[in-house]
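Have a look at the structure below before the remarks.
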Amino acid sequence: MSRAPQAKIADKRRLDPRERELEIVQGAVAFFAEFGFDGSTRELAARLGITQPLLYRYFPSKEALLDRVYEEVYVNRWNKDWESQLRDRAVPLEDRLVRFYQAYAKVILNYEWVRLFMFAGLKGLDFNARYLAFLRSAAFDLIAREIRREHGMPVDGPILDEEAELIWGLHAAIFYLGVRQFIYGMPVPDDRDADLALRVRAFLRGMPAAVGDLIQSEEMEEARRTG
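Read the sequence shown against the UniProt record's numbering and you will find it ends at 227, with the numbers running on by one and no gaps.
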């Protein structure tokens with residue numbers, strides 16, 4: 001398994017409060033990624049070379065610190081430009097998706113992101129549910145509508161849950177590369193960009209046909225109910 005990044009040890013000089021807060025957050029990200037969320041704030045403070053009271057001056061509870069860790073890892077690393085790039089119809093859809101997933105993989109396929117996500121699920125924290133709800137609104141529905149538009153399907157109305165599940169399957173397959181590397185310590189493809197491009201092409205060969213069948217079935221059922 002790839003080695004954990006070493007948590008930054010705070011120096012003893014007086015820091016600007018914003019610098020100190022960021023230092024604590026970055027240290028917490030590295031600490032919890034290595035030890036899981038059962039790691040104590042006392043241990044974290046010792047790891048950072050600060051006192052526990054100083055840590056609590058910035059974060060009054062462990063829960064407040066975990067919320068800030070979530071924001072740092074899962075919110076701040078999302079690039080809003082990805083959404084506009086996915087909508088850029090001057091670029092072929094396959095190229096848009098390949099570009100998005102290659103950029104997205106650079107953000108999520110690292111030791112901290114993967115291990116924090118796994119530890120959160122095992123601990124019963126809400127990181128996973130919050131992030132997946134965010135993905136549904138920021139990416140899944142957008143990708144589904146672009147696929148519908150590309151293949152002449154209706155784009156108005158809600159996206160079917162089944163469509164979101166198919167897109168989540170692609171995301172999950174990409175995330176699993178990180179699980180293989182940072183949880184199981186197993187090898188992953190040497191050329192990640194080429195592997196991701198292949199996965200997107202395979203997805204686009206099957207998704208439109210499956211969605212077309214779903215929409216047709218929904219329309220037939222609606223006609224039966226109203227006919």
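For each residue, glycine too, the CB sits at the ideal point set by N, CA and C.
- So P17 is in the alpha helix (DSSP H); what residue range does that whole segment cover? P17 to F35
- Task: Could you tell me how far apart the beta carbons of L166 and A197 are, in whole angstroms, since I believe they sit closer than 8 Å?
- Result: Contact flag wrong, Cβ pair sits at about 18 Å.
- Task: Return the chain-ordered list of same chain residues with a C-beta closer than 7 Å to the C-beta of residue 237, the five sequence neighbours on each side being excluded.
- Result: Because the chain in this structure spans residues 1 to 227, residue 237 falls outside the shown range and cannot be described.
- Query: Just the Cα atoms here: how many angstroms apart are residue 262 and R68?
  - Reply: Since the first residue of the chain shown is 1 and the last is 227, residue 262 is not available in this structure.
- In whole angstroms, what is the alpha-carbon distance linking A64 and E23? 15 Å
- Item | Neighbourhood of A10 by C-beta distance below 7 Å, restricted to the same chain and skipping five residues each side | Only weak support is given to the placement of A10: the predicted model assigns it a pLDDT of 46, under 50, and the value that follows is read from those uncertain coordinates. Taken in chain order, the residues that qualify are E23, L48, G49 and I50.
- Query: Pairing CB atoms from the region 26–35 with CB atoms from the region 105–124, are three or more of them under 8 Å?
  - Reply: yes
- E163 to E83 span [Cα, whole Å]: 18 Å
- Among R89, Y58, Q52 and D190, the one whose alpha carbon lies nearest that of D16: Y58
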